[in-house]
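Everything on this sheet refers to the single structure shown next.
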Amino acid sequence: MLPKILDIAPALAFFITYKMTSDLITATAVIVGCCLIAFALQYIFWKKVSRMQVFVCAAVLLFGLPTVLLNDPQIIKWKVTVVNLIMATAILVCQHILKRNPFSYLFGQEIALPENLWLKLGTWWMIFFVFAAMLNVVIAFFLPTLFGIDAMTAESLWVDYKTFGNAILNFVFALVCIFYLMKTNPEILAEVKELKKDNKLTK
Numbered sequence: 030m031l032p033k034i035l036d037i038a039p040a041l042a043f044f045i046t047y048k049m050t051s052d053l054i055t056a057t058a059v060i061v062g063c064c065l066i067a068f069a070l071q072y073i074f075w076k077k078v079s080r081m082q083v084f085v086c087a088a089v090l091l092f093g094l095p096t097v098l099l100n101d102p103q104i105i106k107w108k109v110t111v112v113n114l115i116m117a118t119a120i121l122v123c124q125h126i127l128k129r130n131p132f133s134y135l136f137g138q139e140i141a142l143p144e145n146l147w148l149k150l151g152t153w154w155m156i157f158f159v160f161a162a163m164l165n166v167v168i169a170f171f172l173p174t175l176f177g178i179d180a181m182t183a184e185s186l187w188v189d190y191k192t193f194g195n196a197i198l199n200f201v202f203a204l205v206c207i208f209y210l211m212k213t214n215p216e217i218l219a220e221v222k223e224l225k226k227d228n229k230l231t232k
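Just so we're aligned: 165 in my numbering is position 136 of the sequence shown, and the numbers increase by one with no gaps anywhere.
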């Protein structure tokens, strides 16, 4: 439970700080500090840090520190776009250059799928990450032009999207992929049920 709290605490601290201060620089400084604290606590309690925590912390530092040091709130707004493009590039490299599908590597032992479906799943997520990257650019920089709203309202909407919207978008797309796979391959549902049954028996 505590690792999950440490994973989401920096983002929540960023959101709460911004809503209390309406200051993106201050909120960014808070998320940088919280990420470093979460990183340190993971290492202190478990003598290791998850790869996801390393990636998140690195991304926050890469965009957060320049934002604070240069006093430029525009820099942090690129974080969501760059992270999504990194994910899309990683899938592209793994799937089409290294010829190793990342989803097959991560989930192949639990769920047996034909190679063409693993490739299709990788392509879907690659396209989705590019879409999410471009969507963040629109929300971060073009809302006042597109909808005629003031800059502070647009910034507040971006903070909402950065904290919750992008994660919700990922979750919804994951559900769409799962439902499609189960509809076209009913045997997957049987495999998942069997896996849950085996896990209960081993506990």
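Glycine residues also receive a C-beta, built at the ideal position from the N, C-alpha and C atoms.
Does the ligand MN have a heavy atom nearer than 7 Å to the CB of residue 165? Within the structure as shown, the ligand MN is missing, as the structure has no ligands at all.
Can you give the beta carbon distance from residue 195 to residue 165, rounded, assuming they're within the 8 Å contact cut? The residue you call residue 195 lines up with position 166 of the sequence shown. The residue you call residue 165 lines up with position 136 of the sequence shown. Cβ-Cβ separation between residue 195 and residue 165: approximately 7 Å, consistent with a contact (criterion under 8 Å).
Have a look at residue 51 and residue 141 and give me their C-alpha separation to the nearest angstrom. As a first step, residue 51 is located in the sequence shown; it is residue number 22 there, counting from the start. As a first step, residue 141 is located in the sequence shown; it is residue number 112 there, counting from the start. Cα to Cα, the separation comes out at about 49 Å.
Please name the residue in 206, 160, 58 and 68 whose C-alpha comes closest to that of residue 100. Indexing the sequence shown from 1 puts residue 100 at position 71. When only C-alpha atoms are compared, the closest one is 58.
Report buried or exposed for residue 83, applying the criterion of at least 16 other Cβ atoms within 10 angstroms of its Cβ. Here residue 83 refers to the residue found at position 54 when the sequence shown is read from its first residue. Exposed, since its Cβ has fewer than 16 Cβ neighbours within 10 Å.
Taking the alpha carbon of residue 149 as the point to measure from, which residue in 44, 73, 45 and 121 has its own alpha carbon closest? Translated into the one-based positions of the sequence shown, residue 149 becomes position 120. Cα-wise, what sits closest to residue 149 is 121.
Evaluate the contact criterion for the segment 61-71 versus the segment 98-113: three or more CB pairs, one atom per stretch, below 8 Å. The segment 61-71 makes no contact with the segment 98-113; the number of CB pairs closer than 8 Å stays below 3.
Distance between residue 193 and residue 233 (C-alpha atoms, nearest Å): Given that the chain is displayed from residue 30 to residue 232, the structure contains no residue 233 and the question cannot be resolved.
Taking Cβ positions, are residue 171 and residue 114 nearer each other than 8 Å? The residue you call residue 171 lines up with position 142 of the sequence shown. The residue you call residue 114 lines up with position 85 of the sequence shown. For residue 171 and residue 114, no; Cβs fall outside 8 Å.
Does the separation of the CB atoms of residue 210 and residue 146 fall below 8 Å? Walking along the sequence shown from the start, residue 210 turns up at place 181. Walking along the sequence shown from the start, residue 146 turns up at place 117. Their beta carbons are under 8 Å apart, which means residue 210 touches residue 146 by this criterion.
What are the start and end residues of the alpha helix (DSSP H) that includes residue 195? On the sequence shown, residue 195 is found 166 positions in, with the first residue counted as 1. 195-213 is the extent of the alpha helix (DSSP H) around residue 195.
Let me confirm a value: residue 112 is counted as buried when at least 16 other C-beta atoms fall within 10 Å, else exposed. Which label applies? In the sequence shown, residue 112 corresponds to position 83, counting from 1. Counting Cβ neighbours within 10 Å, residue 112 comes out buried, since at least 16 surround it.
Can you look up residue 178 in the DSSP assignment and give me helix, strand or coil? On the sequence shown, position 149 is the one that residue 178 refers to. If DSSP states are grouped into helix, strand and coil, residue 178 belongs with coil.
Would you call residue 191 buried or exposed, if buried means 16 or more other Cβ atoms sit within 10 Å of its Cβ? Within the sequence shown, the letter at position 162 stands for residue 191. When all chains shown are included, residue 191 counts as buried.
In angstroms, rounded to a whole number, what distance separates the CA positions of residue 208 and residue 201? As a working note, residue 208 is residue 179 in the sequence shown. As a working note, residue 201 is residue 172 in the sequence shown. Across the structure, residue 208 and residue 201 are spaced so that their CA atoms are roughly 11 Å apart.
Sequence-distant residues of its chain with Cβ nearer than 8 Å to residue 35 (five each side left out): Looking up residue 35 in the sequence shown gives position 6. Cβ within range, chain order: 67, 70, 71 and 82.
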